[in-house]
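Enquirer: Each residue of the sequence shown is one higher than the one before, starting from 674 at the first, in the numbering used here. Beta carbons: idealized from backbone N, C-alpha and C, even for Gly.
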Amino acid sequence: MTASAAPRLVHRTAHLRLRLTRRQARRCYGLLRSAGDVWAWLLDSNRQRHQQGQPPVAGYQALCRDLTQTGQFGELSMVGARSVLKRYSDAWFQAAKRRKAGQQDAGFPRRKRALVPVRFYHGTFQLVGTRVRLPVAKGQPELWVRLARPLPYPDADVRAVTLLAEGGRLWLAVTAAVPIQQHDLDPGRVAGVDLGIIHPYAVVAEQAGLLVSGRAIRAAPANDLPHHPSPASIRYH
């Protein structure tokens with residue numbers, strides 16, 4: 674298949690709750706806390722460089738070199754630690770870009786966090802049905818977790834998983850690259866969509882319009898409403 678004939682892909686992310694034993698949950702929280710330690714180490718290192726009059730280290734490759742000299746952070750694997758470095762580096766350069774554009778209130782990463790999400794890329798984790806093996810540091814026992822529901826994407830399309838804590842629970846954000854479905858739409862016809870709070874959707878196309886009333890949805894009995902996935906369980910970007 675030629676490059677021009679290859680299907681266009683879009684990345685979608687679904688947040689899936691984890692079903693864990695107490696030991697599994699304790700180990701997962703340990704990974705997030707260790708990621709928080711990596712984040713704190715990054716902040717403290719650059720703060721010390723600033724006090725000594727040295728330039729900060731924010732490039733991903735340079736941070737990886739520093740990490741190899743620091744040692745191990747609990748059960749956190751090198752893959753997981755590098756995902757924290759990537760998050761820090763991206764945040765630092767985004768702030769620098771905004772400041773260069775004149776946004777002087779753009780802040781560099783300075784705030785420490787107790788729990789920091791850990792991202793694992795394709796080839797570093799294993800999917801078996803609703804079970805996922807997350808990478809851990811060498812010498813540590815394997816860490817398998819179970820999803821509360823099946824993946825909404827084929828296993829072959831999954832590109833990354835992110836362990837995170839939200840609302841007092843542990844989640845796995847699963848990112849997949851799925852083909853864009855072609856619906857033979859007319860490119861000459863354009864519709865404007867406005868997302869609101871009281872009225873969730875308002876769509877206008879040429880002389881036609883559609884308004885979904887939020888008040889009507891809240892007033893309807895629960896049994897009369899169609900079933901849709903919860904926004905907290907599926908998020909797209």
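(1) How long is the line joining the alpha carbons of PRO728 and ASN719, rounded to whole angstroms?
(2) Less than 8 Å between the beta carbons of ALA698 and LEU837, yes or no?
(3) Mind checking which residues open and close the beta strand (DSSP E) that includes ASP867?
(4) Measuring CB to CB, does LEU716 end up less than 8 Å from LYS770?
(5) Under 8 Å between the Cβ atoms of VAL809 and SER762?
(6) Does the contact criterion of 3 or more C-beta pairs under 8 Å hold for the stretch 698 to 711 versus the stretch 788 to 797?
(7) Using the C-alpha atoms, what's the distance from LEU693 back to GLY841?
(8) Determine the DSSP secondary structure at PHE793, reduced to helix, strand or coil.
(9) So ARG804 packs on THR835, CB below 8 Å; how close in whole Å?
(10) According to the neighbour-count rule (16 or more other Cβ atoms, all chains shown, within 10 Å of its Cβ), is VAL818 buried or exposed?
(11) Run the CB neighbour count on GLU664, radius 10 Å, all protein chains shown included, and call it buried at 16 or more, exposed below.
(12) Less than 8 Å separating the beta-carbons of LEU691 and LEU820?
(13) Using alpha carbons as the reference points, say which of PRO827, ARG755, GLY802, VAL885 lies closest to LEU868.
(14) Go ahead and label LEU682 buried or exposed: buried means 16 or more other beta carbons lie within 10 angstroms of its beta carbon, across all protein chains shown.
(15) Looking at the secondary structure, which residues open and close the alpha helix (DSSP H) in which LEU820 lies?
Expert: With the structure as the only source:
(1) If you take the alpha carbons of PRO728 and ASN719, they lie about 8 Å apart.
(2) At the C-beta level, ALA698 and LEU837 stay beyond 8 Å of one another.
(3) First-last of the beta strand (DSSP E) with ASP867: 864 to 868.
(4) No, Cβ-Cβ distance for LEU716 and LYS770 is not below 8 Å.
(5) Annotated as distal: VAL809 and SER762, with beta-carbon spacing of 8 Å or more.
(6) Because the criterion of three Cβ pairs below 8 Å is met, the stretch 698 to 711 and the stretch 788 to 797 touch.
(7) Distance between the alpha carbons of GLY841 and LEU693 is about 13 Å.
(8) Here PHE793 carries a strand assignment [DSSP, helix/strand/coil].
(9) Actually they do not touch by this definition, with Cβ atoms about 17 Å apart.
(10) VAL818 comes out buried.
(11) Any question about residue 664 goes unanswered here, given that the chain covers just 674 to 910.
(12) Between LEU691 and LEU820, the C-beta gap is smaller than 8 Å, which places the two residues in contact.
(13) Closest option to LEU868, Cα to Cα, is VAL885.
(14) Exposed, since its Cβ has fewer than 16 Cβ neighbours within 10 Å.
(15) Boundaries for LEU820: no alpha helix (DSSP H) harbours it, while the beta strand (DSSP E) harbouring it runs 816 to 820, taken from the DSSP string.
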